[in-house]
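Okay, so here's the structure we're looking at.
There are 2 protein chains.
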Amino acid sequence: MKQFRKVSDNTVNRLPKYLRHIQEELNNGKDHISSAMLAEVVGSTSSQVRQDFSNFGNYGSQGYGYHLKSLDEAVRTIIGIHVPHHVAVIGTGCLGRALVEHLEFQKYNFQLCAAFDIDPSLIGSSINGVTIRHVSELSEYLETNEIHICILTVPKSAAKVVAQKLSGMGVPAIWNFTNETLNLNPQKTVVQNINLMDSLLSLTYHLEQLPNRQRDLPLPSDVE
Amino acid sequence: MKQFRKVSDNTVNRLPKYLRHIQEELNNGKDHISSAMLAEVVGSTSSQVRQDFSNFGNYGSQGYGYHLKSLDEAVRTIIGIHVPHHVAVIGTGCLGRALVEHLEFQKYNFQLCAAFDIDPSLIGSSINGVTIRHVSELSEYLETNEIHICILTVPKSAAKVVAQKLSGMGVPAIWNFTNETLNLNPQKTVVQNINLMDSLLSLTYHLEQLPNRQRDLPLPSDVE
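So the sequence lines, in the order shown, correspond to chains A and B.
Start counting at 1 in the first sequence, then tack on 694, and there's your number in my numbering.
Start counting at 1 in the second sequence, then tack on 694, and there's your number in my numbering.
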């Protein structure tokens with residue numbers, strides 16, 4: 695995989711949004727797209743879009759914009775999903791199951807390869823065609839199978855122990871839904887912490903700023 | 695509710711992170727906190743932290759920092775969760791159920807009041823103590839009950855129609871998990887679009903940048 699010069703997290707976070715829009719436009723039968731249109735999708739400027747792509751190569755041309763098919767291929771390669779990634783889900787309760795069933799793994803070249811739980815009533819049943827194994831088999835499985843990404847949906851109390859084990863066994867990426875902050879060696883295992891409550895709280899802030907929501911409650915007195 | 699001067703989305707998105715850390719420190723028996731410590735939590739600088747809070751009032755003092763209990767109360771009031779919010783979940787499949795069961799609603803003053811689905815096998819059963827109603831009862835319910843936030847977990851194909859209905863009935867906030875982009879009047883209904891695949895793709899990018907992942911595959915040739 696090509697290593698790129700260090701780009702900002704904001705640039706990385708815009709890549710999937712570009713990709714989704716590129717795919718929509720391809721599905722609409724379009725042939726090319728301007729940086730202005732891509733800017734609209736990510737709520738940014740044309741020059742920001744051009745700067746984002748210039749981190750990775752020489753894309754687009756003035757007046758024409760970007761050839762969609764080539765840009766689709768390029769963005770997939772930049773993100774790294776031109777090659778398949780093996781995924782395991784650790785914790786097959788409602789959230790783990792929902793994620794696996796809800797997300798379009800195949801479309802982005804992700805392959806669910808294994809699932810683990812501790813609940814005897816779940817072991818042996820299947821999730822998206824994959825048999826759920828007991829978590830005691832995790833080490834043995836990882837010794838003989840390459841897993842690139844683990845979806846961590848175990849209870850918060852188990853998160854740190856399981857994450858340490860995964861990192862120790864060489865799993866390079868953890869998608870962490872446990873609400874536990876994980877401190878792993880970032881040169882060995884990258885972690886994406888998902889805290890959905892943060893998102894709900896941001897939404898609540900915006901809701902309370904709507905013009906018709908002026909309840910005129912006082913703020914607590916200034917804090918010293 | 696007090697209307698604040700317009701602050702950036704980045705500031706709004708940091709508020710829940712501040713709140714979580716304030717609560718952790720309170721649970722650890724701490725009394726006050728410095729802007730430097732809060733900065734570390736959100737990956738920013740002390741001056742950014744001070745600037746964030748100065749948008750909302752006169753908080754903290756030099757040398758002492760912030761009094762945790764007062765700051766907790768202030769941030770709750772700024773976000774708006776010092777008052778309860780009524781939540782309804784529309785679509786009680788695996789994802790809707792997982793969200794409702796996974797998130798600590800009570801801790802943040804959210805109250806699940808209603809649940810709707812279209813699947814006859816689900817109607818009448820309950821989700822977190824709330825009876826699931828048929829979606830045909832939605833309008834009547836909203837006429838007589840105030841719902842502040844709808845969690846939208848219906849299939850993508852139904853998202854636009856349901857969202858239009860909710861906005862038309864005066865629901866001021868939609869937490870949108872349908873992967874359908876919603877175009878509603880932002881003066882009437884605010885929308886938070888959650889696209890979990892974006893997060894997984896960002897994680898994949900970072901995974902492929904790890905030092906031991908240099909597969910040396912070529913990038914597609916530059917795109918014109």
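The C-beta atom is built at its ideal place from N, Cα and C for all residues, glycine as well.
Since the model is a prediction, treat every value here as computed from it, not as a measurement.
Between R714/A and I868/B, the alpha-carbon positions lie close to 21 Å from each other. About 5 Å separates the Cβ atoms of H828/B and I817/B, confirming a contact at the 8 Å cut-off.
Beta bridge pairing from DSSP links C844/B with A782/B, I868/B.
Two segments are said to touch when three or more pairs of C-beta atoms, one from each, lie closer than 8 Å; by this definition the segment 803–823 of chain A does not touch the segment 745–760 of chain A. Exposure of E718/B is indicated by the presence of fewer than 16 other C-beta atoms within 10 angstroms of its C-beta. Within the same chain, and ignoring the five residues on either side of H776/B in sequence, the residues whose Cβ sits closer than 6 Å to its Cβ are R770.
By the CB criterion at 8 Å, H842/A and H796/A fall outside the cutoff. G774/A belongs to the set of residues whose beta carbon lies under 8 Å from a beta carbon in chain B. A733/A is a Cβ neighbour of Q742/A, given a cutoff of 8 Å. Between I716/B and L765/B, the C-beta spacing is below 8 Å.
At a cut-off of 8 Å between C-beta atoms, N721/A does not count as an interface residue with respect to chain B. The contact set of N707/B on chain A, defined by CB atoms closer than 8 Å, consists of D892, S896 in chain order. With a beta-carbon spacing of about 35 Å, K859/B and L897/B fall beyond the 8 Å limit used to define contacts. For T825/A, there is no enclosing alpha helix (DSSP H); the residue is found in the beta strand (DSSP E) stretching over 824–828.
Around the CB of E834/B, fewer than 16 other CB atoms lie within 10 Å, so the residue is classed as exposed. Ranking A857/B, D703/B, N822/B by CA distance to the CA of P866/B puts A857/B first. The residue from V783/A, K724/A, K850/A, L901/A with its alpha-carbon nearest to that of K882/B is L901/A.
In the three-state reduction of the DSSP assignment, Y760/B falls in the strand class, which pools E and B.
Residue state for N704/B is assigned as helix, using DSSP reduced to three classes. The Cβ of E798/B sits closer than 8 Å to at least one Cβ of chain A.
For Q881/B, the neighbours in chain A by C-beta distance under 9 Å run, in chain order, L904, P905, N906. From the listed residues L894/B, P880/B, N870/B, P849/B, the smallest Cα separation to I888/A is found for L894/B. DSSP, reduced to helix, strand and coil, places S738/A outside both helices and strands of the structure shown, so it counts as coil. Interface flag for P710/B against chain A is set, since a Cβ pair is found closer than 8 Å.
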